[in-house]
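Taking it in order: structure first as C-alpha coordinates, then the write-up.
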Amino acid sequence: MQPSLEYDAGRLGLGIWANAPLKNKVIGQSDPEFDFYGYYAIDLPNTISVVPGFTAYTYPDAKRSDGFYSATFEPNIALNYIMCGVRLTPKLYYDFVLKGATAELTASFAIPLKDWGTELDFTATAGTYLWKDAVAGGIPAVKNWGDYYLAGVSLPYQVSKDSKILLGWAYTTGSHNFLKQGPAGKTRNAAAIGRGVATVSYSVIF
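In the working numbering, the protein residues as written are 451 to 656.
Structure follows, in C-alpha coordinates:
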(Lines of atoms letter the chains of each structure in order from A and count residues from 1; the text may use other names and numbers.)
(Lines give C-alpha, C1' and ligand atoms only; values in the text may rest on other atoms or scores of the structure.)
Protein backbone atom coordinates (compact mmCIF):
# COMPACT_ATOMS: atom_id res chain seq x y z
CA MET A 1 0.00 0.00 0.00
CA GLN A 2 1.47 3.34 -1.10
CA PRO A 3 -0.52 6.44 -0.05
CA SER A 4 0.77 9.88 -1.06
CA LEU A 5 -0.13 13.54 -0.65
CA GLU A 6 1.21 16.42 -2.75
CA TYR A 7 0.75 20.19 -2.63
CA ASP A 8 1.22 22.12 -5.87
CA ALA A 9 1.52 25.89 -6.31
CA GLY A 10 2.43 26.94 -9.84
CA ARG A 11 5.76 25.27 -10.70
CA LEU A 12 6.43 24.20 -7.09
CA GLY A 13 5.53 20.77 -5.76
CA LEU A 14 5.95 19.39 -2.22
CA GLY A 15 4.81 15.99 -1.07
CA ILE A 16 5.10 12.85 0.99
CA TRP A 17 5.00 9.28 -0.34
CA ALA A 18 4.64 6.26 1.94
CA ASN A 19 5.15 2.53 1.50
CA ALA A 20 3.72 -0.16 3.78
CA PRO A 21 4.24 -3.78 2.68
CA LEU A 22 1.36 -6.07 3.56
CA LYS A 23 3.40 -9.29 3.40
CA ASN A 24 6.91 -10.55 2.56
CA LYS A 25 8.28 -7.78 4.75
CA VAL A 26 12.03 -7.20 5.14
CA ILE A 27 12.50 -7.15 8.91
CA GLY A 28 14.36 -4.11 10.17
CA GLN A 29 14.33 -2.25 6.86
CA SER A 30 11.16 -0.79 5.33
CA ASP A 31 8.14 -1.28 7.58
CA PRO A 32 7.09 1.44 6.80
CA GLU A 33 8.91 3.98 4.57
CA PHE A 34 8.11 7.72 4.39
CA ASP A 35 9.68 9.86 1.64
CA PHE A 36 9.47 13.66 1.70
CA TYR A 37 10.13 15.36 -1.63
CA GLY A 38 10.02 18.65 -3.45
CA TYR A 39 10.69 20.06 -6.92
CA TYR A 40 10.51 23.28 -8.92
CA ALA A 41 10.02 23.35 -12.70
CA ILE A 42 11.85 26.01 -14.71
CA ASP A 43 10.56 26.45 -18.27
CA LEU A 44 13.06 27.04 -21.08
CA PRO A 45 12.53 27.66 -24.82
CA ASN A 46 11.71 24.82 -27.24
CA THR A 47 9.45 22.84 -24.85
CA ILE A 48 12.34 22.18 -22.47
CA SER A 49 12.13 22.41 -18.70
CA VAL A 50 14.71 21.96 -15.95
CA VAL A 51 13.44 20.49 -12.68
CA PRO A 52 15.69 20.58 -9.59
CA GLY A 53 14.40 18.67 -6.59
CA PHE A 54 15.15 16.55 -3.54
CA THR A 55 13.95 13.47 -1.68
CA ALA A 56 14.46 12.65 2.00
CA TYR A 57 13.97 8.90 2.52
CA THR A 58 13.05 7.83 6.06
CA TYR A 59 12.67 4.35 7.57
CA PRO A 60 11.45 4.74 11.19
CA ASP A 61 11.96 1.08 12.12
CA ALA A 62 15.27 0.53 10.33
CA LYS A 63 17.98 -0.99 12.52
CA ARG A 64 21.54 0.21 12.01
CA SER A 65 22.73 -2.99 13.68
CA ASP A 66 21.26 -4.87 10.70
CA GLY A 67 23.04 -2.59 8.22
CA PHE A 68 20.08 -0.33 7.37
CA TYR A 69 19.97 3.47 7.45
CA SER A 70 17.04 5.21 9.15
CA ALA A 71 17.25 8.15 6.68
CA THR A 72 19.07 9.27 3.54
CA PHE A 73 18.96 12.53 1.56
CA GLU A 74 19.13 12.80 -2.21
CA PRO A 75 19.00 16.02 -4.28
CA ASN A 76 18.35 15.61 -7.99
CA ILE A 77 17.98 17.49 -11.24
CA ALA A 78 15.96 16.50 -14.31
CA LEU A 79 15.57 17.77 -17.85
CA ASN A 80 12.24 17.36 -19.67
CA TYR A 81 12.17 17.49 -23.46
CA ILE A 82 9.33 16.56 -25.83
CA MET A 83 10.33 15.24 -29.25
CA CYS A 84 7.80 13.84 -31.76
CA GLY A 85 5.28 13.29 -28.99
CA VAL A 86 7.77 11.43 -26.75
CA ARG A 87 8.80 12.97 -23.44
CA LEU A 88 12.48 12.34 -22.67
CA THR A 89 13.65 12.87 -19.09
CA PRO A 90 17.32 12.39 -18.21
CA LYS A 91 17.84 12.74 -14.46
CA LEU A 92 20.80 12.81 -12.06
CA TYR A 93 20.68 12.02 -8.33
CA TYR A 94 23.27 12.09 -5.56
CA ASP A 95 22.68 10.48 -2.16
CA PHE A 96 24.76 12.12 0.59
CA VAL A 97 24.35 9.21 3.01
CA LEU A 98 24.96 6.33 0.60
CA LYS A 99 27.69 8.48 -0.99
CA GLY A 100 26.81 7.76 -4.58
CA ALA A 101 25.22 8.96 -7.78
CA THR A 102 22.44 7.61 -9.99
CA ALA A 103 21.90 8.44 -13.67
CA GLU A 104 18.53 7.69 -15.23
CA LEU A 105 16.72 8.16 -18.54
CA THR A 106 12.94 7.89 -18.92
CA ALA A 107 10.91 7.96 -22.14
CA SER A 108 7.12 8.22 -22.09
CA PHE A 109 4.33 8.70 -24.61
CA ALA A 110 0.55 8.34 -24.82
CA ILE A 111 -1.79 6.71 -27.35
CA PRO A 112 -5.27 8.29 -27.30
CA LEU A 113 -8.31 6.00 -26.99
CA LYS A 114 -10.96 8.54 -27.93
CA ASP A 115 -13.85 6.06 -28.12
CA TRP A 116 -13.19 5.09 -24.50
CA GLY A 117 -12.44 8.63 -23.30
CA THR A 118 -8.97 7.68 -22.08
CA GLU A 119 -5.46 6.84 -23.28
CA LEU A 120 -2.67 4.29 -22.91
CA ASP A 121 0.42 5.73 -21.22
CA PHE A 122 3.71 3.93 -21.96
CA THR A 123 6.88 4.41 -19.92
CA ALA A 124 10.40 2.99 -20.17
CA THR A 125 13.26 3.72 -17.78
CA ALA A 126 16.94 2.73 -17.71
CA GLY A 127 19.33 3.69 -14.94
CA THR A 128 22.71 2.99 -13.39
CA TYR A 129 24.12 3.77 -9.94
CA LEU A 130 27.16 3.46 -7.71
CA TRP A 131 26.92 3.80 -3.92
CA LYS A 132 30.17 3.86 -1.93
CA ASP A 133 28.60 3.34 1.52
CA ALA A 134 25.55 1.15 0.94
CA VAL A 135 25.49 -0.63 4.32
CA ALA A 136 25.17 1.28 7.59
CA GLY A 137 28.12 0.66 9.87
CA GLY A 138 30.09 -1.26 7.26
CA ILE A 139 33.81 -1.33 8.15
CA PRO A 140 35.35 -1.13 5.64
CA ALA A 141 32.56 0.51 3.62
CA VAL A 142 30.41 -1.65 1.35
CA LYS A 143 30.01 -0.56 -2.26
CA ASN A 144 26.90 -1.41 -4.28
CA TRP A 145 26.50 -0.76 -7.99
CA GLY A 146 24.34 -1.92 -10.84
CA ASP A 147 21.86 -1.15 -13.60
CA TYR A 148 18.07 -1.25 -13.61
CA TYR A 149 15.31 -1.20 -16.22
CA LEU A 150 11.54 -0.73 -16.25
CA ALA A 151 8.88 -0.90 -18.97
CA GLY A 152 5.22 -0.33 -18.23
CA VAL A 153 1.80 0.74 -19.46
CA SER A 154 -1.10 2.35 -17.62
CA LEU A 155 -4.75 3.14 -18.36
CA PRO A 156 -6.23 6.17 -16.55
CA TYR A 157 -9.98 6.65 -16.26
CA GLN A 158 -11.48 9.99 -15.25
CA VAL A 159 -14.16 9.29 -12.62
CA SER A 160 -15.04 12.94 -12.11
CA LYS A 161 -13.55 16.38 -12.78
CA ASP A 162 -11.16 16.01 -9.83
CA SER A 163 -10.62 12.26 -9.48
CA LYS A 164 -9.43 9.31 -11.52
CA ILE A 165 -8.61 5.62 -11.32
CA LEU A 166 -5.47 4.18 -12.89
CA LEU A 167 -4.72 0.57 -13.82
CA GLY A 168 -1.14 -0.27 -14.63
CA TRP A 169 1.35 -3.03 -15.23
CA ALA A 170 5.14 -2.89 -15.44
CA TYR A 171 8.11 -5.19 -15.60
CA THR A 172 11.23 -4.13 -13.71
CA THR A 173 14.60 -5.82 -13.33
CA GLY A 174 18.13 -5.23 -12.11
CA SER A 175 21.34 -6.39 -13.78
CA HIS A 176 25.10 -6.33 -13.21
CA ASN A 177 24.35 -5.64 -9.54
CA PHE A 178 27.23 -6.30 -7.16
CA LEU A 179 28.37 -5.71 -3.58
CA LYS A 180 32.00 -5.27 -2.55
CA GLN A 181 33.50 -4.64 0.88
CA GLY A 182 37.03 -3.31 1.10
CA PRO A 183 39.60 -5.49 -0.66
CA ALA A 184 37.30 -8.53 -0.77
CA GLY A 185 36.01 -9.72 -4.12
CA LYS A 186 32.66 -8.58 -5.45
CA THR A 187 29.53 -10.67 -4.92
CA ARG A 188 26.31 -10.63 -6.92
CA ASN A 189 23.33 -8.95 -5.25
CA ALA A 190 20.66 -11.66 -5.05
CA ALA A 191 17.92 -9.03 -4.54
CA ALA A 192 18.36 -7.65 -8.08
CA ILE A 193 15.78 -9.81 -9.83
CA GLY A 194 13.05 -9.28 -12.41
CA ARG A 195 9.42 -8.99 -11.41
CA GLY A 196 6.05 -7.92 -12.80
CA VAL A 197 4.11 -5.28 -10.89
CA ALA A 198 0.36 -4.65 -11.19
CA THR A 199 -1.00 -1.32 -9.89
CA VAL A 200 -4.47 -0.05 -9.02
CA SER A 201 -4.63 3.55 -7.80
CA TYR A 202 -7.17 6.24 -7.07
CA SER A 203 -6.31 9.94 -6.94
CA VAL A 204 -8.30 13.06 -6.10
CA ILE A 205 -7.44 16.76 -6.38
CA PHE A 206 -8.88 19.19 -3.84
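Glycine included, C-beta positions come from ideal geometry on N, C-alpha and C.
- Ranked by Cα distance from Tyr509, the options Trp467, Arg645 and Asp597 are led by Trp467.
- Boundaries cannot be given for Lys549, as no beta strand (DSSP E) includes it and DSSP labels it neither H nor E.
- The Cβ atoms of Ala560 and Asp571 lie closer than 8 Å to each other.
- Annotation for Asp493: the continuous beta strand (DSSP E) segment containing it runs Ile492 to Leu494.
- Beta-bridge partners assigned by DSSP to Met533: Val536.
- Here the alpha carbon of Phe486 sits roughly 17 Å from the alpha carbon of Ala512.
- With respect to Glu554, Thr522 sits apart: the two C-beta atoms are not nearer than 8 Å.
- Per DSSP, the unbroken beta strand (DSSP E) holding Asn627 starts and ends at Ser613 to Gln631.
- For the pair of segments examined, the segment 585–593 was found not to touch the segment 605–612: the number of CB pairs separated by less than 8 Å stays below three.
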